[in-house]
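Participant: Count the sequence shown with numbering that gives the first Met the number 0 and you get residues 0 to 237, in order.
Backbone N, C-alpha and C fix where the C-beta goes; we use that ideal spot for every residue, glycine too.
Small disclaimer: the values here were computed from a predicted structure and weren't measured.
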Amino acid sequence: MKVFAISDLHLSNAVEKPMDIFGDGWQNHFAKISEDWTSKVADGDLVLLGGDMSWGLTIDEAKPDYDEIAKLKGQKYVVKGNHDYYWSSLGKMRTYFPSFNFVQNNAYRVESPDNPDKAVVIAGSRGWNIPSKDTSEADVKIYKRELIRLELSLSYAKSLQKEGDKLIAMLHYPPFEATYQDTEVTALVEKYDVDFVLYGHLHGKNARVTPTVQKHGITYILTSCDLVDNKLIEVCEI
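1. Which same chain residues end up closer than 7 Å to D181 when comparing Cβ atoms and leaving out the 5 residues on each side of it in sequence?
2. How should Q74 be labelled, buried or exposed, when 16 other C-beta atoms within 10 angstroms of its C-beta is the threshold for buried?
3. What are the start and end residues of the beta strand (DSSP E) that includes M169?
4. According to DSSP, is P34 part of a helix, a strand, or is it coil?
5. Throw me the rounded Cβ distance for the Y65 and F96 pair, which I believe falls under 8 Å.
6. Please say whether G50 and G203 have beta carbons closer to each other than 9 Å?
7. Going by the DSSP bridge assignment, what does N12 pair with across the sheet?
8. Figure out for me which residue from L89, D42, T37 has the closest Cα to the Cα of D113.
9. Tell me whether V193 sits in a helix, a strand or coil according to DSSP, three-state version.
Listed below in structure tokens is the structure:
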């Protein structure tokens, strides 16, 4: 079983929100992603989707985008992004999108179909901008709330994890600033011995250029589709 990741698809089948106005990296971006996805992913593989799936403002507007992704192979796990305005309760999300697994205040242990003794455990939360001295009180409050949600998910993940399992934390927002300094987020994933941290949110030619960073034994992987050439990143194989 292989584990892949990508984020920030920003699909807009039901709304007028073309992405190609943002540069060459967005020209026919989902066609490129679909082609790469089809060439790599088998039915038993996992695809971890790091938020900003759809520009739809309502769950009905988001449905055509999810339906398009649902046609592709693999077991799909989703964390909320900052532009996923349609996002509703987990119950409603599961009802509307039954072929997707949503990561929010929960966790999943997924065994390899080829070797049930091996598994990955998936946790995560949306995250928020890392506070600076100029950050508003409102943003600090959201950031602190996301830390609590991430710890809830990681704590549950630890209760599921068995010896040898790989632990993956999905985020939408980066866990650190451009200099990769320690933060409360990195301290939290270190506390729970996470193996891989996936994040997106960043875009454009001025975004950080190091897609994979090793820090205190954890592999941090940037998955924003325009920054990874609209190709799925292989996180691990078990």
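Facilitator: The short version:
1. none
2. buried
3. 165-170
4. In the sequence as presented, Pro is not what sits at residue 34; that position holds Glu. Helix at E34.
5. 5 Å
6. no
7. According to DSSP, N12 bridges with nothing at all.
8. D42
9. coil
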